[in-house]
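Asker: Sequential numbering of the sequence shown, starting at 5, is according to my numbering. Backbone N, C-alpha and C fix where the C-beta goes; we use that ideal spot for every residue, glycine too. The structure displayed is predicted, hence computed values, not measured ones. Before anything else, here's the structure in question.
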Amino acid sequence: MPLEGEYEPSPAQWIREQVELYESSGGTRGTTLRDTGLPVVIVTMRGAKSGRIRKIPLMRVEHQGRYAAVASKGGFPSHPEWYFNLRADPRVDLQDGPERQGMTARELAGEERDQWWRRAVAAYPPYAEYQEKAGRVIPVFVLEPGHPAGPA
């Protein structure tokens with residue numbers, strides 16, 4: 005069952021516009037990051053503070069029907085806001101092109117994180133430079149098919 009509630013668009017204009025284009029086209033337009041040619045997916049989640057529905061484009065890092073969500077924030081020293089949303093409620097909806105599905109986010113550690121990190125860097129090489137300048141270990145979540153019964 006898709007996440008429901010009041011949608012609060014991102015304060016960042018480029019994110020609002022990309023999400024709108026992606027969704028309004030049924031996943032046929034707006035599918036690459038800012039004209040880089042690198043594919044993105046749209047992740048829908050519940051805001052940790054507001055409880056409202058939030059949507060963000062993330063780099064498409066897929067392996068055997070599971071996806072990575074890399075909390076890089078472009079290498080800034082703090083985590084992106086959406087990191088805290090996934091920690092508070094791991095239920096997400098993911099749109100990959102025209103396909104939508106409910107998923108559950110799980111933060112990774114150890115070898116599993118390292119394996120997904122390598123996949124992420126292969127899909128989007130700037131992640132490696134983001135890690136160098138971040139001054140923190142960039143969190144990686146795996147998004148796996150299915151929603152849990154309720155909020156975590």
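1. Determine the DSSP secondary structure at R33, reduced to helix, strand or coil.
2. With 16 as the cutoff for other CB atoms within 10 Å, does Y11 come out buried or exposed?
3. With DSSP run on the structure shown, which of helix, strand or coil describes E8?
4. Please confirm whether Y131 and L98 have their CB atoms less than 8 Å apart.
5. Is the beta carbon of V44 less than 8 Å from the beta carbon of T32?
6. Does DSSP put L62 in a helix, in a strand, or in coil?
Answerer: According to the structure shown:
1. coil
2. exposed
3. coil
4. no
5. no
6. strand
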